[in-house]
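Data first, discussion second: the structure below is written as structure tokens.
Numbering (my numbering), first residue to last: -10 to 110.
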């Protein structure tokens, strides 16, 4: 059985042959990015953190561990769990790239999702 390959990248990063399926995991379309300028196979708005959690976090690296814990709790909600199941199916079918607008993808919701999908988080 092949290991699950899930990458995290910025939405504006150029698509590459190793990307597989490219999915945006932001609630809102990122400002300043035209939809025709990116390669995108799906947009999972419902998997984005709540506005309250996102505002509290503010991409502060010192808050990432607590953000990840709170975000994983949000993902247990029925609507999120269903969408997360669809992402698991995509990841099982081949490489999956989770896209974020964050300037620091390694401390974004996409990184938390990648960890869940690969069993590392």
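Quick reminder that beta carbons are idealized off the backbone N, C-alpha and C, glycines included.
### Message
How far does the beta strand (DSSP E) with residue 89 in it extend, from its first residue to its last?
### Response
85 to 89
### Task
Have a look at 55, 11, 53 and 42 and flag the residue whose alpha-carbon is nearest the alpha-carbon of residue 82.
11
#### Entry: Length of the line joining the Cα atoms of residue 42 and residue 14
15 Å
### Message
Please classify residue 17 as buried or exposed, where buried requires at least 16 neighbouring CB atoms within 10 angstroms.
### Response
exposed
### Sequence-distant residues of its chain with Cβ nearer than 7 Å to residue 69 (five each side left out)
35, 36 and 63
### Message
Which residue marks the beginning of the beta strand (DSSP E) containing residue 73, and which one marks its end?
### Response
That residue, residue 73, is in no beta strand (DSSP E); its alpha helix (DSSP H) goes 67 to 82.
### Task
Note down, one range per segment and in chain order, each alpha helix (DSSP H) of at least 4 residues found wholly within the stretch 14 to 48.
40 to 46
#### Entry: Selected residue, minimal CA-CA separation from residue 73, among 26, 3, 105 and -2
105
### Task
Decide if residue 9 is buried, meaning its Cβ has at least 16 other Cβ atoms within 10 Å, or exposed.
buried
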